[in-house]
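The next block holds one structure in the form of structure tokens; read it before the comments.
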Amino acid sequence: MAEFTLDCLGEACPVPLMKTEKKIGELSVGDVLVVSIDHSCAMKNVPEWARKQGHNVEIEEVDDGEWEIIIEKTK
Amino acid sequence: MEKKTEQYDVVIIGGGAASLTAGIYCGRAKLKTLIIEKTLVGGLATYTNEIENYPGFPDGATGLGLMDLFHKQAKKFGVDFKLTDVKAVSLEGDIKKVETFRNVYEAKAVIIGSGGKPRLTGARNEERYLYDKGISFCATCDAAANSGKTVMVIGSGDAAIEEGMFLTKFADKVIVSVMHDNGKMDCNEIAKAQALSNPKMEFLWNTVVDSFEGDERLNTVILKNVKTGEALPVQVDSCFLFIGYLPNTELFQGVLTMNRGGYLITNERMETNLPGVYAIGDVRDKFLKQVATAVGDGAVAGYGAERYLSESEVFKKQVMNEGNPSLVYIYNGVDTYSRELLPLFKDFEQSHSEVRVSCIDIYKSDGIAKRLGVDEGPCALWIKDNQIQEKLEGEITPVEINRICR
Numbered sequence: 001m002a003e004f005t006l007d008c009l010g011e012a013c014p015v016p017l018m019k020t021e022k023k024i025g026e027l028s029v030g031d032v033l034v035v036s037i038d039h040s041c042a043m044k045n046v047p048e049w050a051r052k053q054g055h056n057v058e059i060e061e062v063d064d065g066e067w068e069i070i071i072e073k074t075k
Numbered sequence: 001m002e003k004k005t006e007q008y009d010v011v012i013i014g015g016g017a018a019s020l021t022a023g024i025y026c027g028r029a030k031l032k033t034l035i036i037e038k039t040l041v042g043g044l045a046t047y048t049n050e051i052e053n054y055p056g057f058p059d060g061a062t063g064l065g066l067m068d069l070f071h072k073q074a075k076k077f078g079v080d081f082k083l084t085d086v087k088a089v090s091l092e093g094d095i096k097k098v099e100t101f102r103n104v105y106e107a108k109a110v111i112i113g114s115g116g117k118p119r120l121t122g123a124r125n126e127e128r129y130l131y132d133k134g135i136s137f138c139a140t141c142d143a144a145a146n147s148g149k150t151v152m153v154i155g156s157g158d159a160a161i162e163e164g165m166f167l168t169k170f171a172d173k174v175i176v177s178v179m180h181d182n183g184k185m186d187c188n189e190i191a192k193a194q195a196l197s198n199p200k201m202e203f204l205w206n207t208v209v210d211s212f213e214g215d216e217r218l219n220t221v222i223l224k225n226v227k228t229g230e231a232l233p234v235q236v237d238s239c240f241l242f243i244g245y246l247p248n249t250e251l252f253q254g255v256l257t258m259n260r261g262g263y264l265i266t267n268e269r270m271e272t273n274l275p276g277v278y279a280i281g282d283v284r285d286k287f288l289k290q291v292a293t294a295v296g297d298g299a300v301a302g303y304g305a306e307r308y309l310s311e312s313e314v315f316k317k318q319v320m321n322e323g324n325p326s327l328v329y330i331y332n333g334v335d336t337y338s339r340e341l342l343p344l345f346k347d348f349e350q351s352h353s354e355v356r357v358s359c360i361d362i363y364k365s366d367g368i369a370k371r372l373g374v375d376e377g378p379c380a381l382w383i384k385d386n387q388i389q390e391k392l393e394g395e396i397t398p399v400e401i402n403r404i405c406r
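Protein chains in written order, with UniProt numbering: chain E, 1 to 75; chain B, 1 to 406.
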């Protein structure tokens, strides 16, 4: 049940999604990954992908145009 | 992982037009307000390409653009936003709880604007091809991907026909499966006339979906003629379902009163069966579901929640007097007789310093009277130990007042 971070600031789609997919694959069930993004398209496709996988997802706007996507791996 | 608990005055579940409006009203009333939205702030309206009937925008607005403005306005009034799913709720009692996977939010009032989700056909293999595998619910989102292709639309309501016509701008052919007889559609007459004369649109009457077929992706929809039972395979690249919505009310089953379809039942103040819990927008059992009506719902609930919270404060501190003796006179300010009785209570207050006397005008607001189970004045109540001890109706005299206040 550890928490990991993934810095994708300054990275455009589809890089954040690819990095997230890879990182989630390395985690264990129950772990939480916090992905930092500032590209609005990643705010759509990263959570969409994670929800489709059945993970728990929360998006937090940390600053104007900067978000944290919090993903709890559920399976 | 331990869930973090946070306190709010009002938590609003859902982030569509109704919820954003409720947020604007609560935020402006200086209530600490949180809106929880599971996907996109703006809700269903963001799926509509053009909104032509929302007043104030004579040139029309895009759903996304309009909802962005709502969002901005709510933020301006200090409303907090959380973009995540609500996992559980507990709505009974004074402090209500709304849980997400990382937090527990405690609120004094909860406003539910959770909207709905698209209804499915229930046909065979439907689950296998949902969303990016060929079955879509949003022409605005997926039309461009169908440029030069053949698509099918299921349904004949406003959404089906209008989105179908939008699809003709991209797709080569739009085949519409309609359940009804030839020429009969559920949409408005203008859309119907336009659709029937659109050369790219083709109609298959008296048909429903029997199954969805394909490999990795959908490539064939097998329709069934409802009259003859005959199967009709149609090759398509995508299929769009516009056959109505189902309310998002699973979390409230057995707790809040709903109709047979699962929509929440409220009164005209948007109050549900539980005090301090409101339902607004498309999740509510109502006559017309539009941005314009959602806004009205949101305003009513936002205002109602604000009044509920201030009345709760007065009720606890003044009326119940925190367990100490309290005499409450409920009167109607426009009724001369009940107004004439007011001096009796003023006199009582002067001679009994140990008793808190409150005179409540139900003409202004009936919230507190309702909490005391009183429908109309004049009525005097003797309260002690947070309970109504005696109730005096009709003949109210100094002798009677002194008799009940023991």
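The beta carbon of each residue, even a glycine, is placed where N, CA and C say it ideally should be.
Rounded to whole angstroms, what's the CA-CA distance from residue i to residue j? Just pull it up for me.
i             : j      : result
C239/B        : G373/B : 55 Å
F252/B        : A279/B : 11 Å
M165/B        : H71/B  : 29 Å
I265/B        : K108/B : 21 Å
V357/B        : L327/B : 5 Å
W382/B        : E313/B : 19 Å
R119/B        : L246/B : 6 Å
residue 407/B : V236/B : Outside the displayed range of chain B (1 to 406) lies residue 407/B, so it cannot be described from this structure.
T100/B        : S310/B : 27 Å
P14/E         : A42/E  : 7 Å
G229/B        : F203/B : 18 Å
D158/B        : A123/B : 22 Å
E72/E         : K19/E  : 16 Å
D297/B        : Y263/B : 15 Å
Y131/B        : F242/B : 13 Å
G214/B        : S28/E  : 34 Å
K391/B        : G78/B  : 44 Å
L69/B         : A160/B : 27 Å
E189/B        : K169/B : 21 Å
K149/B        : K117/B : 26 Å
N125/B        : E216/B : 12 Å
V57/E         : I24/E  : 13 Å
V291/B        : S114/B : 14 Å
With a 10 Å radius around its C-beta and 16 neighbouring C-beta atoms as the bar for buried, classify residue i as buried or exposed.
i      : result
I178/B : One point to set straight first is that residue 178/B is Val, not Ile, in the sequence displayed. Buried, because 16 or more other Cβ atoms sit within 10 Å of the Cβ of V178/B.
D64/E  : exposed
T257/B : exposed
E268/B : exposed
C359/B : buried
P378/B : buried
G323/B : exposed
A88/B  : exposed
M152/B : buried
D282/B : buried
P47/E  : buried
S136/B : buried
L33/E  : buried
I95/B  : exposed
T249/B : buried
Which whole-angstrom value is the C-beta distance of residue i and residue j, which I expect to be below 8 Å?
i             : j      : result
residue 408/B : T62/B  : The structure shown does not extend to residue 408/B, since chain B spans only 1 to 406, so no value can be given for it.
N198/B        : K227/B : 25 Å between Cβ atoms; not a contact.
T33/B         : D59/B  : Wrong, their Cβ atoms sit about 32 Å apart, outside the cutoff.
D361/B        : G333/B : 4 Å
M162/B        : A191/B : The identity of residue 162/B in the sequence shown is Glu, whereas the question assumes Met. So it is a contact: roughly 6 Å between Cβ atoms.
N225/B        : L218/B : N225/B to L218/B, Cβ: 21 Å. No contact.
I111/B        : A301/B : 5 Å
Which residues does DSSP pair with residue i in a beta bridge?
i      : result
S358/B : V328/B
M258/B : L264/B
A88/B  : E99/B
R124/B : S211/B
N225/B : T207/B
V291/B : Looking at the DSSP assignment, V291/B forms no beta bridge with any residue, so it has no partner.
V151/B : V174/B, S238/B
Residues of the region 45-59 of chain E with Cβ closer than 7 Å to any Cβ of chain B, in chain order:
For the region 45-59 of chain E, which is checked against every Cβ of chain B, the residues closer than 7 Å are N56, V57, E58, I59.
What residues from the region 68-96 of chain B come within 9 Å of chain E, judged by C-beta to C-beta, listed N to C?
F81, K82, L83, T84, D85, K87
Return the residues of the region 96-116 of chain B that lie within a Cβ-Cβ distance of less than 9 Å from chain E, sorted by chain order.
T100, F101, R102, N103
Near-chain B residues of the region 15-40 of chain E - C-beta to any C-beta below 9 Å
G30, V32
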